[in-house]
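Structure first, commentary second.
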Amino acid sequence: MMTTVGMGSKLASIDLVDLTAEDRARADRTMPSLDGKLLKLSLRPVKKLVIRVETKTADSSSTGTSEVFVAEHDGKLWIPVPAPAK
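If you read the sequence shown in our numbering, its first letter stands for residue 1145, the second for the next number, and so on.
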């Protein structure tokens, strides 16, 4: 995940939030890869990292939000990536 902040933008907040039932269902789903094989997240997510960016100009303002799942393994937090489903 890459978040860029342009001119007139500021990082509004970074939060580590609990998963909702919908988030858990989305994280447990298998997804097709480009070659047709099935993928699943390598670690089971326990939280979600939410990053909010605010942009203000003279005539407008906007807010952007990025979310990424976060897993825990051996006492450390990780961002799980898709791996072949078993």
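Yeah, the Cβ is synthetic: ideal placement off N, Cα and C, and Gly gets one too.
Distance, Cα to Cα, residue i vs residue j?
{"i": "threonine 1199", "j": "leucine 1185", "result": "32 Å"}
{"i": "leucine 1182", "j": "proline 1176", "result": "5 Å"}
{"i": "alanine 1165", "j": "lysine 1154", "result": "31 Å"}
{"i": "proline 1224", "j": "histidine 1217", "result": "10 Å"}
{"i": "alanine 1215", "j": "serine 1206", "result": "30 Å"}
{"i": "glutamate 1211", "j": "aspartate 1179", "result": "26 Å"}
{"i": "arginine 1196", "j": "valine 1161", "result": "13 Å"}
{"i": "tryptophan 1222", "j": "arginine 1188", "result": "10 Å"}
{"i": "alanine 1156", "j": "leucine 1193", "result": "14 Å"}
{"i": "lysine 1191", "j": "aspartate 1203", "result": "36 Å"}
{"i": "alanine 1229", "j": "threonine 1174", "result": "7 Å"}
I need the DSSP call for residue i, collapsed to helix, strand or coil.
{"i": "arginine 1188", "result": "coil"}
{"i": "arginine 1168", "result": "helix"}
{"i": "proline 1224", "result": "coil"}
{"i": "glycine 1208", "result": "strand"}
{"i": "lysine 1154", "result": "strand"}
Could you tell me which residues DSSP puts in a beta bridge with residue i?
{"i": "alanine 1215", "result": "Pro1189, Trp1222"}
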